[in-house]
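Residue numbers (the numbering used here): 702 to 917.
Rendered as structure tokens:
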């Protein structure tokens with residue numbers, strides 16, 4: 702009888718621990734199965750495994766997310782990138798930098814989004830090129846990633862796109878320059894504000910106290 706009570710208590714305690722885990726109930730062998738499936742040649746298994754990354758405990762999920770970011774299949778990589786946006790594993794930015802040259806817009810866009818949360822110094826030059834992307838949403842994301850980089854080398858590419866034809870991109874460029882806080886941006890921005898031909902009236906919405914010389 703005592704043994705039965707002990708077993709019940711153990712099972713109850715295990716259930717409480719699993720249900721109280723950060724990502725909810727996870728069977729003990731789930732992480733092992735996901736990792737094994739990520740290495741399988743069958744594409745369907747790898748894609749299914751990538752959809753389960755956020756079900757895992759955070760430490761394991763971060764490690765396997767980095768593994769999935771290296772997959773050759775775009776769908777697996779996109780699922781891993783979405784997990785990376787939530788988990789922010791160290792080193793994710795370096796892994797997605799090469800995606801900035803991808804032919805698919807979704808891949809370029811999510812690469813910029815990941816780089817905004819996980820900056821990579823070697824991404825500055827390719828992000829500068831992406832500021833000329835044909836899709837304005839990708840250009841906005843690239844500007845935000847450059848602003849989050851905290852790298853002084855990001856200033857000149859941004860300054861080169863103050864005249865972007867899309868207002869959302871122009872706004873993202875100004876916000877990125879403000880975030881970087883480099884004094885080199887002051888004169889060009891003032892020049893744009895004073896140019897009556899330029900569509901920069903929205904700059905009046907910049908919060909009071911914001912300054913392009915705030916940090917550097």
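By construction, the Cβ of each residue, glycine as well, lies at the ideal position given by its N, Cα and C atoms. The model shown is predicted, which means the values in this text are computed figures rather than measured ones.
CB of residue i within 8 Å of CB of residue j, strictly
i, j, result
"residue 781", "residue 769", "yes"
"residue 787", "residue 748", "no"
"residue 651", "residue 791", "This structure does not reach residue 651, given that the chain is present from 702 up to 917, and the question cannot be answered."
"residue 869", "residue 831", "no"
"residue 871", "residue 839", "no"
"residue 746", "residue 774", "no"
Limits of the unbroken alpha helix (DSSP H) element including residue i
i, result
"residue 810", "806-818"
"residue 759", "759-769"
"residue 743", "Careful: residue 743 lies outside any alpha helix (DSSP H) and carries neither H nor E."
"residue 775", "775-788"
"residue 877", "868-881"
Exposure of residue i, with buried meaning 16 or more beta-carbon neighbours within 10 Å
i, result
"residue 801", "buried"
"residue 862", "buried"
"residue 865", "buried"
"residue 723", "Note that residue 723 has pLDDT 48, beneath the 50 cutoff, so the model's placement of it is unreliable and no number is given."
"residue 844", "buried"
"residue 757", "buried"
"residue 848", "buried"
"residue 814", "buried"
"residue 888", "exposed"
"residue 804", "exposed"
"residue 729", "exposed"
Anticipated Cβ contact below 8 Å, residue i with residue j, distance rounded
i, j, result
"residue 794", "residue 816", "5 Å"
"residue 806", "residue 854", "Contact doesn't hold; Cβ gap of about 25 Å is too wide."
"residue 825", "residue 852", "5 Å"
Close beta carbons around residue i, own chain, < 7 Å, minus the five adjacent residues each side
i, result
"residue 736", "765"
"residue 750", "735, 738 and 739"
"residue 873", "841, 844 and 845"
"residue 741", "747"
Cut-off 8 Å between Cβ atoms - residues of its own chain near residue i, not counting five sequence neighbours on either side
i, result
"residue 732", "757, 758, 761 and 765"
"residue 752", "780"
"residue 823", "795 and 798"
"residue 856", "878, 881, 883, 885 and 886"
"residue 772", "739, 747, 751, 778 and 781"
Contact set for residue i: own chain, Cβ-Cβ below 6 Å, skip 5 residues either direction
i, result
"residue 867", "837"
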